[in-house]
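When we follow my numbering, the leftmost residue of the sequence shown carries the number 1, and every step to the right adds one.
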Amino acid sequence: MPIPEFVVALRAKIGHAPLPLNGVVAVVLDDRDRVLLGRRSDSGDWALIAGCLEPGEQPADGVRREVFEETGVEVAVERLLSIEALELSVAPNGDQVHWLAIGFRCRVVGGSPRVNDDESVEVGWFEPDAMPSLPAHQARCLALALSGEGDPWFADPVSPLG
1 MPIPEFVVAL RAKIGHAPLP LNGVVAVVLD DRDRVLLGRR SDSGDWALIA GCLEPGEQPA
61 DGVRREVFEE TGVEVAVERL LSIEALELSV APNGDQVHWL AIGFRCRVVG GSPRVNDDES
121 VEVGWFEPDA MPSLPAHQAR CLALALSGEG DPWFADPVSP LG
């Protein structure tokens, strides 16, 4: 998977030390409310479309860009789903990342799904009741996107709801 140039420049200075990065997660729905997933080239797992924001990029612009880059699909962003700090992740090369994941519900407005870069080996539509296993934060985004609730979710360790 291509590493953004700004991350390469930062890694040259900090090595494998933890790096805070902002990412977007897209729950992309078609007119039948099927969910667009990509099979990741690094793990072989199915996942929602996601990626890293560029410095200064608005999250809604970033999610549209990521979906198009990875699948060739154009989307309209419908609403914010969640904002969540994820556990420290460690890449196979030792790079450590603290992701702030911003989830969005999106609707297809153009294009046909295809593998559009090297981050996926396959893309496809899934019925909500026939989804493969997803990481917890992505499963939460999916549940929020399919529910009728409009309020975004965020972790609040002080609140009994968080």
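Glycine included, every Cβ here is placed at the ideal spot set by N, Cα and C.
Which class does residue i belong to by DSSP, given the choice of helix, strand or coil?
| i | result |
| --- | --- |
| G38 | strand |
| R32 | coil |
| G23 | strand |
Give every residue of the same chain whose Cβ lies closer than 6 Å to the Cβ of residue i, excluding the five residues on either side of it in the sequence, and list them in chain order.
| i | result |
| --- | --- |
| V97 | L19, L21, S89 |
| V121 | R39, S41 |
Under 8 Å between the Cβ atoms of residue i and residue j?
| i | j | result |
| --- | --- | --- |
| V24 | G51 | yes |
| R79 | G150 | yes |
| A145 | L36 | no |
| L81 | G103 | yes |
| C106 | L48 | no |
| E74 | G124 | no |
At which residues does the beta strand (DSSP E) containing residue i begin and terminate?
| i | result |
| --- | --- |
| L10 | No beta strand (DSSP E) holds L10; the alpha helix (DSSP H) holding it covers 5-14. |
| R64 | From DSSP, R64 is part of no beta strand (DSSP E) but of the alpha helix (DSSP H) over 59-71. |
| V75 | 74-85 |
| G51 | 49-52 |
Apart from the five residues just before and just after residue i, which ones in its own chain have a Cβ nearer than 7 Å to its Cβ?
| i | result |
| --- | --- |
| E69 | N116, D117 |
Beta strand (DSSP E) segments (min. 3 residues) lying fully within the stretch 88-148: 96-110, 120-126
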